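Only one structure is covered here, and it is reproduced in the block below.
Protein chains: 2
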Amino acid sequence: MEKIDKMDLKILSELQEDARKSLREIAEKLGVTEATIYNRINKLKKLGVIERFIPVINYSKLGYDLIAVIGITAKGGKVVEVEKLLAEMPNVTAVYDVTGEFDVIAVSKFRDRDSLNEFVKNIGKLEFVEKTYTMLVLNVVKETHMIDLSELIE
Amino acid sequence: MEKIDKMDLKILSELQEDARKSLREIAEKLGVTEATIYNRINKLKKLGVIERFIPVINYSKLGYDLIAVIGITAKGGKVVEVEKLLAEMPNVTAVYDVTGEFDVIAVSKFRDRDSLNEFVKNIGKLEFVEKTYTMLVLNVVKETHMIDLSELIE
DNA sequence: ACTGAAATTGGTTAGTT
DNA sequence: AACTAACCAATTTCAGT
Numbered sequence: 001m002e003k004i005d006k007m008d009l010k011i012l013s014e015l016q017e018d019a020r021k022s023l024r025e026i027a028e029k030l031g032v033t034e035a036t037i038y039n040r041i042n043k044l045k046k047l048g049v050i051e052r053f054i055p056v057i058n059y060s061k062l063g064y065d066l067i068a069v070i071g072i073t074a075k076g077g078k079v080v081e082v083e084k085l086l087a088e089m090p091n092v093t094a095v096y097d098v099t100g101e102f103d104v105i106a107v108s109k110f111r112d113r114d115s116l117n118e119f120v121k122n123i124g125k126l127e128f129v130e131k132t133y134t135m136l137v138l139n140v141v142k143e144t145h146m147i148d149l150s151e152l153i154e
Numbered sequence: 001m002e003k004i005d006k007m008d009l010k011i012l013s014e015l016q017e018d019a020r021k022s023l024r025e026i027a028e029k030l031g032v033t034e035a036t037i038y039n040r041i042n043k044l045k046k047l048g049v050i051e052r053f054i055p056v057i058n059y060s061k062l063g064y065d066l067i068a069v070i071g072i073t074a075k076g077g078k079v080v081e082v083e084k085l086l087a088e089m090p091n092v093t094a095v096y097d098v099t100g101e102f103d104v105i106a107v108s109k110f111r112d113r114d115s116l117n118e119f120v121k122n123i124g125k126l127e128f129v130e131k132t133y134t135m136l137v138l139n140v141v142k143e144t145h146m147i148d149l150s151e152l153i154e
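Going down the list, the sequences are from chains G and A. When the first sequence is numbered by UniProt numbering, its final residue is 154 and no position is left out of the sequence of numbers. When the second sequence is numbered by UniProt numbering, its final residue is 154 and no position is left out of the sequence of numbers.
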């Protein structure tokens, strides 16, 4: 399909600042018309570069105060099965297949200690799970979900 | 103004589906007027429940194909300094202060092996860093940045 | 707090260069 | 691929309840 140029990256960068920013505002800033921005954003969605638009919610303010990073080792060759099970769980926000001591790293958020404990115990009991290593998050220092694109623009 | 009720959670849930969804659409779905949705969203922003709106970008399609989860141990009492340095780095998307073998877990994304190698080496050289453990991400199984709020709504 | 309507601003489409 | 221009839709404000 089509190629991503600097105008596209600039639009992405504007949306990173505020995804509800109006097309008109972006257009003015980048010196093109609204229709151009409109078409470019549609192109980026079609290409799958923009997957969706989401609110960044402070889940802590909704009571989700407990975060755990969990390392999991699967029983021989069963990594994919374990990952699938983890990915289905609504409290799990990230599942990474990784190299090293663990096969999988999962990030999960809970409203109370009981839910977290139950979750960890259940994972440990899963048929294909060899061992788990739970790291309780004491403080979220950074969580942007984004990469600064400025190095690609100039 | 203060407390978060079920209407607020329903609005958040609608925005999780699509943060650029129009106030009119949300209003119709929830059986109230646009102005109500408008005021509620502003309340949620003011309360810090909604921090911002962002596009979910497929960074892999922009060339950021290398992801690493890095465990870091800081030298005696210097955890905060290490975290601060990590948080300042543009390629680092998450920094968690954790319990266990490591003091800090960082997630970072790169465009090439050299950048990643350089990054890991630089971290290892930092004054306050005792040791690092790099887990290369082979596959992103899940990365939603969101928690399903339905358990709080009904 | 919510509504309803007015005023303002934004999104979308078609046609043109 | 981007612009103009028109049209329609959505956002924001505010008086009234």
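Note that beta-carbon positions come from the ideal geometry of N, C-alpha and C, so glycine has one too. Since the model is a prediction, treat every value here as computed from it, not as a measurement.
Can you give me the Cβ contacts of residue i inside the same chain, cut-off strictly under 7 angstroms, excluding the 5 residues immediately before and after it?
| i | result |
| --- | --- |
| residue 157 of chain A | Since the first residue of chain A shown is 1 and the last is 154, residue 157 of chain A is not available in this structure. |
| Lys131 of chain G | Thr73 |
| Ile4 of chain G | Val49 |
My understanding is that residue i touches residue j, with C-beta atoms under 8 angstroms, so please give their C-beta distance in whole angstroms.
| i | j | result |
| --- | --- | --- |
| Val95 of chain G | Lys6 of chain A | So it is not a contact: roughly 30 angstroms between Cβ atoms. |
| Val92 of chain G | Val98 of chain G | Not a contact, Cβ separation roughly 15 angstroms. |
| Leu126 of chain G | Val82 of chain G | 7 angstroms |
Below 7 angstroms between beta carbons: does that hold for residue i and residue j?
| i | j | result |
| --- | --- | --- |
| Phe53 of chain G | Ala27 of chain A | no |
| Thr134 of chain A | Ile70 of chain A | yes |
| Lys149 of chain G | Leu9 of chain G | Checking the sequence shown, residue 149 of chain G turns out to be Leu, not Lys. It is a contact, given that the beta carbons lie within the stated cut-off. |
| Phe128 of chain G | Lys46 of chain G | no |
| Leu15 of chain G | Pro55 of chain A | yes |
Closer than 8 angstroms by beta-carbon distance: list the chain A residues that pair up with residue i, in chain order.
| i | result |
| --- | --- |
| Leu47 of chain G | Lys61 |
| Thr144 of chain G | Thr93, Ala94 |
Taking the alpha helix (DSSP H) that residue i belongs to, which residues open and close that run?
| i | result |
| --- | --- |
| Met7 of chain G | 6-17 |
| Tyr38 of chain A | 34-46 |
| Asp148 of chain A | Element bounds for Asp148 of chain A: n/a, residue is neither H nor E. |
| Phe119 of chain G | 113-125 |
| Val49 of chain G | Taken as a continuous stretch (DSSP letters only), Val49 of chain G belongs to no alpha helix (DSSP H), as it is neither H nor E. |
| Glu88 of chain A | 79-88 |
Cutting at 6 angstroms between CB atoms, please list the residues of its own chain near residue i, excluding the five before and the five after it.
| i | result |
| --- | --- |
| residue 157 of chain G | Beyond the ends of chain G as shown, which are 1 and 154, falls residue 157 of chain G; an answer cannot be given. |
| Asn42 of chain A | none |
| Ala106 of chain G | Ile70, Leu86, Val92, Val95 |
By the criterion of Cβ-Cβ separation under 9 angstroms, what are the contact partners of residue i in chain A?
| i | result |
| --- | --- |
| Phe53 of chain G | Leu15, Asp18, Ala19, Arg20, Lys21, Phe53, Ile54, Pro55, Val56 |
| Asp97 of chain G | Val137, Leu138, Asn139, Val140, Val141 |
Starting from residue i, trace the beta strand (DSSP E) both ways and give me its first and last residue.
| i | result |
| --- | --- |
| Ser108 of chain G | 104-110 |
| Ala69 of chain G | It should be noted that the sequence gives Val, not Ala, for residue 69 of chain G. First-last of the beta strand (DSSP E) with Val69 of chain G: 66-74. |
| Lys142 of chain A | 129-143 |
Identify the contact partners of residue i in chain G, using a Cβ-Cβ distance below 9 angstroms as the criterion.
| i | result |
| --- | --- |
| Tyr133 of chain A | Gly100, Glu101 |
| Ile37 of chain A | Per Cβ cutoff of 9 angstroms: no residues; Ile37 of chain A is ~13 angstroms from chain G at best. |
| Glu83 of chain A | Asn139, Val141, Lys142 |
Give every residue of the same chain whose Cβ lies closer than 8 angstroms to the Cβ of residue i, excluding the five residues on either side of it in the sequence, and list them in chain order.
| i | result |
| --- | --- |
| Ile37 of chain A | Ile11, Leu23, Ile26, Ala27, Leu30 |
| Val32 of chain G | Met7 |
In chain A, what lies closer than 7 angstroms to residue i by C-beta?
| i | result |
| --- | --- |
| Ile105 of chain G | Val69, Met135 |
| Asp148 of chain G | Pro90 |
| Lys109 of chain G | Ile147 |
At 8 angstroms on the CB atoms, spell out the chain G contacts of residue i, in chain order.
| i | result |
| --- | --- |
| residue 155 of chain A | This structure gives no information on residue 155 of chain A, because the portion of chain A shown stretches from 1 to 154. |
Quick one: list the residues of chain G neighbouring residue i, beta-carbon separation under 7 angstroms, in chain order.
| i | result |
| --- | --- |
| Leu30 of chain A | Here the premise fails: no neighbours, minimum Cβ distance about 16 angstroms. |
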